[in-house]
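Have a look at the structure below, then the notes.
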Amino acid sequence: MHELKLKYQGKKMAPAFNAFHTFLFTPNETTHGGTHVKAADDLKRTMNTVIMALVPILIFSMFNAGYQYYAAIDAANGTPRTLSLFENFLTWDNFWIGIIKVLPLLVVSYGVGLLVEFIFAVIKGHEVEEGYLVTGMLVPLIVPIDTPLWMLAVAVVFGVVIGKEVFGGTGMNILNPALTIRAFLFFAYPTWMSGDKVWVYQAVEKAGGPDAISGETILGFLAQNKGSEMAYSVSDMFFGFIPGSVGETSTLLILLGGLFLIYTKIASWRIMLSAVIGSLVMGLIFNQVVDMGWVTETSKFYGLMSFDFWKHLIIGGLAFGIVFMATDPVTGAQTNRGKWIYGFFIGFISVMIRVFNPAYPEGVFLAILLMNVFAPTIDHYVVQGNIKRRMKRLKNAVILPKDSDGKAEELKAETV
Amino acid sequence: MALLSKKDTNLITDPLADNNPITIQVLGICSALAITAELKASLVMAVSVMFVLAMGNVVISLMRNIIPSKIRIIVQLIVVATLVIIVDQVLKAFAYELSKTLAVFVGLIITNCIIMGRFEAFALGNGPWRSFLDGIGNSMGYGLILVIVGFFRELLGSGTLFGIPVLGDPIEKTGLYSIGYENNGFMIIPPAALIVVGIIIWVQRSRNPALVEEN
Numbered sequence: 005m006h007e008l009k010l011k012y013q014g015k016k017m018a019p020a021f022n023a024f025h026t027f028l029f030t031p032n033e034t035t036h037g038g039t040h041v042k043a044a045d046d047l048k049r050t051m052n053t054v055i056m057a058l059v060p061i062l063i064f065s066m067f068n069a070g071y072q073y074y075a076a077i078d079a080a081n082g083t084p085r086t087l088s089l090f091e092n093f094l095t096w097d098n099f100w101i102g103i104i105k106v107l108p109l110l111v112v113s114y115g116v117g118l119l120v121e122f123i124f125a126v127i128k129g130h131e132v133e134e135g136y137l138v139t140g141m142l143v144p145l146i147v148p149i150d151t152p153l154w155m156l157a158v159a160v161v162f163g164v165v166i167g168k169e170v171f172g173g174t175g176m177n178i179l180n181p182a183l184t185i186r187a188f189l190f191f192a193y194p195t196w197m198s199g200d201k202v203w204v205y206q207a208v209e210k211a212g213g214p215d216a217i218s219g220e221t222i223l224g225f226l227a228q229n230k231g232s233e234m235a236y237s238v239s240d241m242f243f244g245f246i247p248g249s250v251g252e253t254s255t256l257l258i259l260l261g262g263l264f265l266i267y268t269k270i271a272s273w274r275i276m277l278s279a280v281i282g283s284l285v286m287g288l289i290f291n292q293v294v295d296m297g298w299v300t301e302t303s304k305f306y307g308l309m310s311f312d313f314w315k316h317l318i319i320g321g322l323a324f325g326i327v328f329m330a331t332d333p334v335t336g337a338q339t340n341r342g343k344w345i346y347g348f349f350i351g352f353i354s355v356m357i358r359v360f361n362p363a364y365p366e367g368v369f370l371a372i373l374l375m376n377v378f379a380p381t382i383d384h385y386v387v388q389g390n391i392k393r394r395m396k397r398l399k400n401a402v403i404l405p406k407d408s409d410g411k412a413e414e415l416k417a418e419t420v
Numbered sequence: 002m003a004l005l006s007k008k009d010t011n012l013i014t015d016p017l018a019d020n021n022p023i024t025i026q027v028l029g030i031c032s033a034l035a036i037t038a039e040l041k042a043s044l045v046m047a048v049s050v051m052f053v054l055a056m057g058n059v060v061i062s063l064m065r066n067i068i069p070s071k072i073r074i075i076v077q078l079i080v081v082a083t084l085v086i087i088v089d090q091v092l093k094a095f096a097y098e099l100s101k102t103l104a105v106f107v108g109l110i111i112t113n114c115i116i117m118g119r120f121e122a123f124a125l126g127n128g129p130w131r132s133f134l135d136g137i138g139n140s141m142g143y144g145l146i147l148v149i150v151g152f153f154r155e156l157l158g159s160g161t162l163f164g165i166p167v168l169g170d171p172i173e174k175t176g177l178y179s180i181g182y183e184n185n186g187f188m189i190i191p192p193a194a195l196i197v198v199g200i201i202i203w204v205q206r207s208r209n210p211a212l213v214e215e216n
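Protein chains in written order, with this note's numbering: chain A, 5 to 420; chain B, 2 to 216.
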């Protein structure tokens, strides 16, 4: 590999070979002259930390894929089923379905995404950027299990090209690429992205047949005002033994991943905390509306509005979105005060969309994309606010007599 | 003896590529987004705009010396409105179904920026023949983009071209659909047109770097 890299140095394909090299080895170049940045966490290490936080979720999701499949078959046959971690969850049968369904999603996501990255790196003649490492891992975790692979491939091409490369590549994108991919899939192929058939392996193929199975998400039940028919307990929701997109179900593992990211200072705790607060506030408002009797049981919003406000956090993709999507340092707000506002509205709008969008009762990805768009505006006003405050302080400051007017001007220029 | 002098030929060919009303002048985007979900609608829209723009350019050009400049916008509006009503009535009489698809957008040709733009920029300062050619050229440039966008949106979004299924039957699962292909619902909604137009602009500018603005 070292020789290949040297052989192609300066040639057109050099970025591609450099990428493989840096993927497999530590770069064999050292900086000449003085170095100024002495931290160990470069982009590669940042990305790998996020991936480490995602690996437990991926493994859990592979077991859950199988568990939901066999649970749905039992439910269709009327067989009662109790969850037992070692007897019917962590089994080879379950894991095997994870291998044949989740791994291909992962492979396609990485393969297609990195191919696009390589092509752009070669055309533009820059080094391949590590940005796709995390996106490629996130994508399979936020799609339904039976998503056809070619759809995923089309969406990945769209997301990486339109969501990222047209803006100039990693670090320049306005929208989170993983969510762009998810949104594209949602608008392009809605029949594969919603309903009660897409969340369980083979449910689409078996639909209408004698052995038809289905697995409605909790949000789906609530949106149809069928919350009472639902057989999932709060601990099922928290630990993630529920149907949903591949990796979004286990709040426990997401929480652990989130704490790990906060501990390593990769992700912003401000955004996570404020998003949680935002969703709780919106949930509380809806609960209050129900308590006041303004919304009756006949209303189509009743199911979701009367849902306990704190339970919103442990179902659907809200937790996953808050921890891994909202905290994307590129597309999120940059200023500390901006992060509070940005996170709050993500939580607030997510729950609002859940309640008011009966066609598709999950709004996390839409809420985060919307706030991605507003993040620069929020930052702008935060920075302007700081400037205004400091200008005011400067005006009120007593300028010492020996300072000439010129000095004050200079000070003003510096402050701005 | 060529029918058109070189300068006149440029009036027609320039707007097709390097001075395209949609991709370079960025005019008339609204209708390009709204009606390009079907190729047929795109084509009819292109022809309608061609008629209105070419005729309007000639009329304005003939009247250019007698229009008081203070009220020229109003005069231009009356000319466009007259022509648009003619188009609308013709469509209603001979292609009723299609006129329902295009609905309000034929009426909105009045507000199509290309038309007012060309009246102001060209017809007020040039003779009728050259204005006519300019109108034809610009509306062809407009139509070209509309047809390209309409082609991709209808093919990928509905699997048809001019309403004729070309990829097989999505319900009977024939052709491409038998191997799992599905229509892309995203292409039906207007934001897809924005992205397709964006890609056309991208391709055009990377082929001709002279078009890229300095900033």
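For each residue, glycine too, the CB sits at the ideal point set by N, CA and C.
Item, Value
"How long is the line joining the alpha carbons of residue 180 (chain B) and residue 169 (chain B), rounded to whole angstroms?", "11 angstroms"
"Should residue 401 (chain A) be labelled buried (16 or more other beta-carbon atoms within 10 Å of its own) or exposed?", "exposed"
"If you draw a straight line from the C-alpha of residue 174 (chain A) to the C-alpha of residue 133 (chain A), how long is it?", "6 angstroms"
"Please report how far the alpha carbon of residue 196 (chain B) lies from the alpha carbon of residue 153 (chain B), in whole angstroms.", "11 angstroms"
"If we count Cβ pairs, one from each stretch, closer than 8 angstroms, do we get three or more for the stretch 89-99 of chain B versus the stretch 145-164 of chain B?", "no"
"I need the DSSP call for residue 162 (chain B), collapsed to helix, strand or coil.", "strand"
"Which stretch, first to last residue, makes up the alpha helix (DSSP H) that contains residue 380 (chain A)?", "368-400"
"Return yes when the C-beta of residue 143 (chain A) is under 6 angstroms from any heavy atom of the ligand SAH, and no when it is not.", "Among the components of this structure there are no ligands whatsoever, and the ligand SAH is therefore not found."
"Contact criterion: CB-CB distance below 7 angstroms. Does residue 279 (chain A) meet it with respect to chain B?", "no"
"Is the Cβ of residue 52 (chain B) closer than 7 angstroms to any Cβ of chain A?", "no"
"Going by other Cβ atoms of all chains shown within 10 Å of its Cβ, with 16 needed for buried, is residue 296 (chain A) buried or exposed?", "exposed"
"Using 7 angstroms as the limit for Cβ to Cβ distance, is residue 192 (chain A) near chain B?", "yes"
"Going along the chain, which residues of its own chain have a beta-carbon closer than 7 angstroms to the beta-carbon of residue 12 (chain B), five neighbours each way excluded?", "131, 134, 135, 138"
"Closer than 7 angstroms, CB to CB, is residue 148 (chain A) near chain B or not?", "no"
"For residue 187 (chain B) versus residue 192 (chain A), is the C-beta spacing smaller than 7 angstroms?", "yes"
"For the stretch 176-187 of chain B, which residues have a beta carbon sitting closer than 7 angstroms to at least one beta carbon of chain A?", "181, 183, 185, 186, 187"
"Please state the DSSP three-state secondary structure of residue 270 (chain A).", "coil"
"When you check each C-beta in the stretch 149-164 of chain A against every C-beta of chain B, which residues fall closer than 9 angstroms?", "152, 154, 155, 158, 162"
"Name, please, each residue of chain B whose Cβ falls closer than 7 angstroms to the Cβ of residue 166 (chain A).", "196"
"For residue 286 (chain A) versus residue 377 (chain A), is the C-beta distance shorter than 7 angstroms?", "no"
"Using a Cβ-Cβ cut-off of 6 angstroms (strictly less than) and excluding sequence neighbours within five positions of residue 138 (chain A), which residues of its own chain qualify?", "51, 54"
"DSSP three-state call for residue 300 (chain A): helix, strand or coil?", "coil"
"Spatial neighbours of residue 100 (chain A) within its chain, please: CB distance less than 7 angstroms, with the 5 preceding and 5 following residues excluded, ordered by chain position.", "70"
"Could you tell me the alpha carbon to alpha carbon distance between residue 272 (chain A) and residue 19 (chain A), rounded to whole angstroms?", "32 angstroms"
"Tell me whether residue 1 (chain B) is buried or exposed, calling it buried when 16 or more other Cβ atoms sit within 10 Å of its Cβ.", "With chain B covering 2 to 216 only, the question about residue 1 (chain B) has no answer from this structure."
"Taking the CB atoms as reference points, tell me whether residue 115 (chain A) and residue 66 (chain A) lie closer together than 7 angstroms.", "no"
"Leaving out five residues on either side along the sequence, give the residues of the same chain with a beta carbon under 6 angstroms from the beta carbon of residue 157 (chain A).", "112, 116"
"Assess, as a yes-or-no matter, whether the stretch 71-79 of chain A is touched by the stretch 345-360 of chain A under the definition of 3 or more beta carbon pairs within less than 8 angstroms.", "no"
"Only counting the same chain, and skipping five residues up and downstream in sequence, which positions put a Cβ closer than 8 angstroms to that of residue 2 (chain B)?", "Low local confidence applies: a pLDDT of 41 at residue 2 (chain B) is under 50, so the model's placement there is unreliable, with the coordinate-based value given in what follows. Correct list: empty, nothing qualifies."
"So the alpha helix (DSSP H) residue 144 (chain A) belongs to, where does it begin and stop?", "136-145"
"Tell me whether the beta-carbon of residue 69 (chain B) lies closer than 7 angstroms to the beta-carbon of residue 142 (chain B).", "no"
"Using a Cβ-Cβ cut-off of 8 angstroms (strictly less than) and excluding sequence neighbours within five positions of residue 198 (chain B), which residues of its own chain qualify?", "23, 24, 30, 33, 34, 146, 150"
"Does residue 19 (chain B) come within less than 7 angstroms of chain A when only Cβ atoms are used?", "no"
"Can you pull the chain B residues whose beta carbon is under 8 angstroms from the beta carbon of residue 426 (chain A), in chain order?", "Here chain A covers residues 5 to 420 and nothing more, so residue 426 (chain A) does not appear."
"Would you kindly check if the distance between the Cβ of residue 275 (chain A) and the Cβ of residue 331 (chain A) is under 7 angstroms?", "yes"
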